[in-house]
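If you read the protein sequences in the order shown, they are chains A and B. The numbering of the first sequence is the numbering used here, which starts it at 24 and goes up by one. The numbering of the second sequence is the numbering used here, which starts it at 1036 and goes up by one.
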Amino acid sequence: MRLGTDILRGGLLRLALILGILVFIASGGSVLATSFSGTGAGTAEKPYQIATCNELQDIANNPSAYYELTGNIDCSATTSWNSGTGFVPITSFTGTLDGQNFTVSSLYENTGSSASALFVTTSGATIKNIHLVGGAYHDTNTSYNGSFAAYANGTVFSNCSSSISILSDAGAGLVGNMSGGSMTDCWYGGTVTSSSSYGSGLVSVDTNTVFTNVYTTGSVSETGPYAAGLIGNISGTASVTNAYSTSHVTAGVGYSGGLFAIATNSGGFQNVFYAGQYDQGLTTGSPFVGTGSGYGLLNAYYDATLCGCGTGGSGGNPVNIGNTAPNYFLGNNTNQPMSAWNFSTVWQTNTGGYPTLRLGSLPVDSDSDGSSSMIENAGPNGGDANNDGIADSAESNVTSVVDSVGGKYAVLQSNCDSNSGVSATAAPSGAYADANFEYPLGVMNFTLNCGTPGITATVVQYYYTDMSPNGLVVRKYNPSSHSYQAIPGAVITQVTIGGQKALKVVYQITDGGPFDEDGTANGTIVDPSGIALANVTAPNTGYGVVTNNPIRPLATGGAIAVVLIAAAAAIRKRTISSKR
Amino acid sequence: MTPRWAYKYRHNGIIRSCLVIAGLIIIVSLSISVFEWVHNYNAVHFAEAQTSAANHGHPSGAPSTVKPSDAVFNSYTVAPSQPRYLFINSIGVRAMIKPLGVTTSGAIDTPSNVYDVGWYNKSSLPGMPGAAVIDGHVTGWNADGVFFNLDKLEAGDTITVELGSGSLLTYHVSKSVLYDTSNFDMSALLSSVSPNKPGLNLITCAGELIPSTGHYDKRLVVFAIEN
């Protein structure tokens, strides 16, 4: 009896062991901890402490607890997690995540037909003081996707941002489908490429949410309906106060808008502007609201020349019609609507640039070069991406940004006083594409504030990539004429900085010269440019038959044979003589 | 001491070996010659067949070598903004300009007649910012092409493009550059040599024939600037 019990116990242990191994294999080999693996108690007083990307993933084990980041987290290893599918979106989150103004960089997900997001669903959650820098989400999920959440119900977002590159069937910069709750001091600065519907810079679909101090940069491209720089469809009691977008919106079909594709929200829009390029495509839309009714507008404007879309459509007041006031928004706080905005605590002017939001207590941009210190400090080589021994966040003429094509860093260095308006975005597509070239790293847009009219500035760019410089050229894009031109004398080399490979581009450009976008010697150089790879090859315009002389081999062989025969004859003669 | 009969047999062996080797060499040489002759025959026959097909209006891998009649030349029309004729008096070029795209392999297409030139339709229109790219044959399989003497052009020579509207655009040659095909600068070909002025870039083949392909190993580009 005792023997039988032991055998039974041993069998059960073996069975448990086998089941454990099977579960491990089924989980893709990743370790599924049963509780949070780091320190802390998960309470409001003593939150769980997240110091690594693995611990970020561990939120899944207790999604209702309190969490906080203890430092910047590098998630670049997620590209190889779970057989290449990356970070696993946390199914449901009802707790609190406080990033304490730290970053999560290079987060990667490739979720197939499932949602891509940090959290698939948040309910009654709080997500604050957290910034997702670089990285990429890929999915074919036709429902909702977003950097932070696919669905957010009654969730409070504050002081949050993302520059994750999103390639999705229905992608949004921050949240896919949001209901209730609030979003304050949040922004998105990456690239959304969507191929189903609701490709949007901030939120795809929203109802009843209070948005305050939000903005988007980068670009949104949607082949289906409802593309928008901010929110695809906003309804219910939702309101948007103090918001803007400089995103390049490329719309597909159906309705679209530079800011909102569909708006029926009773909360309306107040202190809002759009200053991006709006390619309407085949859609019905406008640079402000594509279609809608019942929404209120107060101090809502858009740049009618910059958007390239005229003055049609609904919502918002156009300024700079016919490029009559190109500097209307730039460095200004007295023109309407800025005259009615709060430039003491909410907005700030920028020399030669658009007004931007102060966004709470976040140290946005310590060197005033247009790229936040948070992004620059999270860059390669410990925040010194150009390897000059000085942190990029402390140099106004060195600007590191996250390229919105692949989510990697790109750096602009100049010998001018400062840089501004720096972004690395996808090259124009469709009718405005460079017919004979591809731009695998996108184009870098920038303004050099040199001060001295007519100066010749040296431009140095770093693109963090493993690409070889072979076959690459540097070309300038002219957004006004949508034309392209090779930049003479530009040199591309491969360098290694901080253990990472990068392409270094060096060229010179003269203020007011042919490659200065503004065309005048005014101390300011505007020069979008990019690394290009030709997609056509040279023509073949010559034909000829190469023939060989057929007699030559026979003549050569015959000569050798004659020599051999002569040798044989000589030997025979000598043999006969010796016999005699 | 080696016996005499041993020498005899050794010499007979050497003689036989020499004769056998000589015979083998003759057989091998003859074989190679026959192979070369067949190869030459096939290559020439292939080229003639391709050219003949092209001359009879059938698509082939070769351009036609039938010179267009004056009637065909004079009645040629294109859209008003597109290039119609190319004239380079210094090397005797007088050619119709055919709009061309790219081949299935991604190369800029070439004219179907050695006496025509082609305007790459993704390059700039003549007179517009950027560079208009025009290609022409240096040779067909068995005839010289319209750009056979392109290498004779010198800086300052005049090139004239007539548009479909009848407008004449004149250019002057800036420089000529010979590129290895394996290291060709597409960006240069597709850009005006003077960023401030419309450019016209003419391209043809040059260098040595590559036996395995029957094509040339270099490309000659003449860069010109609108006056």
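We put the CB at the ideal spot given by N, CA and C, even for glycine. From a predicted model like this one, the values you see are computed outputs, not experimental measurements.
Under a 10 Å Cβ-count criterion, B:G1165 is classified as buried, with 16 or more other Cβ atoms of the shown protein chains found around its own Cβ. Counted as a single uninterrupted DSSP element, the beta strand (DSSP E) harbouring A:C183 occupies residues 179-185. Put simply, of A:N152, A:N236, A:S146, A:P248 the residue whose alpha carbon is nearest the alpha carbon of A:G194 is A:P248. Looking at the DSSP output, B:H1093 sits in no beta bridge, so it has no partner there.
A:F171 and A:S186 have their C-alpha atoms some 11 Å from each other.
Under DSSP, A:G194 shares a beta bridge with A:N168. Around the beta carbon of A:V228, a 10 Å sphere encloses 16 or more other beta carbons of the protein chains shown; the residue is thus reported as buried. Contact between the region 389-408 of chain A and the region 361-369 of chain A is absent: fewer than 3 CB-CB pairs across the two stretches fall below 8 Å. Interface residue (Cβ-Cβ distance to chain A less than 7 Å): B:F1219 is classified as such.
Unbroken beta strand (DSSP E) stretches of 3 residues or longer found wholly inside the region 322-356 of chain A: 340-342, given in chain order.
When DSSP states are grouped into helix, strand and coil, A:G444 belongs to the strand group.
DSSP lists B:L1255 as the bridge partner or partners of B:T1239. The beta-carbon separation of A:S219 and A:T165, rounded to 5 Å, stays under the 8 Å limit for a contact.
Chain-order list of chain B residues neighbouring A:I574: S1068, by C-beta distance under 7 Å. A:N84 is the residue among A:N84, A:T144, A:T598 whose C-alpha sits nearest the C-alpha of A:G61.
In this chain, the beta strand (DSSP E) harbouring B:G1171 covers 1166-1171. Beta-bridge partners assigned by DSSP to A:I153: A:F125, A:C183.
A distance below 7 Å separates the beta carbons of A:A544 and A:G535. Against chain B, the beta carbon of A:Q80 has no neighbour under 7 Å; the closest one sits roughly 44 Å away. A:N558 is the residue among A:V295, A:N558, A:A284 whose C-alpha sits nearest the C-alpha of B:T1138. Identification of residues in the region 488-501 of chain A having a C-beta nearer than 8 Å to some C-beta of chain B yields V496, R498, given in sequence order.
Excluding the 5 residues flanking it on each side, A:T479 has same chain C-beta neighbours closer than 6 Å at Q531, T533, in chain order. By the CB criterion at 7 Å, A:D326 and A:N343 fall inside the cutoff. The way I'd put it, the region 1155-1165 of chain B does touch the region 1226-1233 of chain B; three or more beta-carbon pairs between them come closer than 8 Å. Segment contact: the region 1167-1180 of chain B against the region 1143-1155 of chain B, three or more CB-CB distances shorter than 8 Å; contact assigned. Of B:A1106, B:T1100, B:V1256, the smallest CA-CA separation from B:D1186 is found for B:V1256. The C-beta separation of A:D440 from A:N472 comes to about 5 Å, placing the pair in contact by the 8 Å criterion. The residues I413, A414, D415, in chain order, have a CB closer than 7 Å to that of A:D407 in the same chain once the five nearest residues on each side in sequence are set aside. Sequence-distant partners of B:G1191 (beyond 5 residues in either direction) whose C-beta falls short of 8 Å from its own C-beta, in its chain, are H1207, V1208. Listed by position along chain A, the residues whose Cβ is nearer than 8 Å to that of B:F1182 are T564. Here DSSP, grouped into helix, strand and coil, assigns B:E1261 to strand.
Listed in chain order, the alpha helix (DSSP H) elements of length 4 or more contained wholly in the region 1078-1158 of chain B are 1105-1109. Assigned with DSSP and collapsed to three states, B:E1197 falls in strand.
Beta-bridge partners of A:T547 (DSSP): A:N472. In the three-state reduction of the DSSP assignment, A:T62 falls in the coil class. By the Cβ rule, the region 168-183 of chain A counts as touching the region 127-146 of chain A, because three or more pairs are nearer than 8 Å.
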